[in-house]
Amino acid sequence: MAVFMGLILPLPFTVKRKLFTFISESPVVAKLQYGLKLELASFHKEGGGMAAAALGTDRMEIQARKFYSQRNMYLCGFTLFLSLILNRTYTMILEVLRLEEKVKLLESEKKSGAKQAVEAGEVARLKKQLEGKDRDLETLKKQCEGLTREYHSLGDKVAGEKDATSKKDL
Numbered sequence: 001m002a003v004f005m006g007l008i009l010p011l012p013f014t015v016k017r018k019l020f021t022f023i024s025e026s027p028v029v030a031k032l033q034y035g036l037k038l039e040l041a042s043f044h045k046e047g048g049g050m051a052a053a054a055l056g057t058d059r060m061e062i063q064a065r066k067f068y069s070q071r072n073m074y075l076c077g078f079t080l081f082l083s084l085i086l087n088r089t090y091t092m093i094l095e096v097l098r099l100e101e102k103v104k105l106l107e108s109e110k111k112s113g114a115k116q117a118v119e120a121g122e123v124a125r126l127k128k129q130l131e132g133k134d135r136d137l138e139t140l141k142k143q144c145e146g147l148t149r150e151y152h153s154l155g156d157k158v159a160g161e162k163d164a165t166s167k168k169d170l
């Protein structure tokens, strides 16, 4: 979550460009990503041995393990979805930075009247693209908030059902 907030934080153009260049080209960041992938793979392999241990347990423990497995599956799915949003936001911000740099370059150049008219059209087109990307980013943020609310409501519902079933068993 902190990485996502750091990416969408409104920073000055030069600082943001340097930050994204560092993230894109740094071998340290690439090694960190690789290490996290290896850690996730090892965690996934360790979780596979738990199913065999559950064969000799009583019914309540099996149901608890099933509940935890389902919960973990939903958490993993939600995490994967958020990582997709984070990746998409990162690429959109890189595109916005590239377009802003292009707009600054086009604005700084002084050309003849005919070329300026053509370039003004291109600048307008690029600004429309930038607005479209900003709209897409806002849409993704709203979608993320909606999914988070839905996830929490489903969690509350499951917790309520769990309480109801435990009262029935008594």
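1 is the number of the first residue of the sequence shown in the UniProt record's numbering; add one for each residue after it.
Beta carbons: idealized from backbone N, C-alpha and C, even for Gly.
Inter-residue spacing [alpha-carbon to alpha-carbon] between S108 and V123
When rounded, the distance between both Cα atoms is 12 Å.
Could you give the distance in angstroms between the alpha-carbon of V96 and the alpha-carbon of D163?
49 Å
Does the structure place the stretch 132 to 146 close enough to the stretch 60 to 71 that three or more beta carbon pairs sit under 8 Å?
Flag = no, the stretch 60 to 71 and the stretch 132 to 146 do not touch.
Can you tell me the Cβ-Cβ gap for L99 and L126, rounded? I've got them flagged as a contact below 8 Å.
Going by Cβ atoms, the distance from L99 to L126 rounds to 5 Å, so yes, they are a contact pair.
Ordered along the chain, which non-local residues of its own chain (more than five positions away) have a Cβ less than 7 Å from that of R88?
L140, listed in sequence order.
Our contact map puts M92 next to K133 with C-beta atoms below 8 Å; I'd like the distance itself, whole angstroms only.
5 Å
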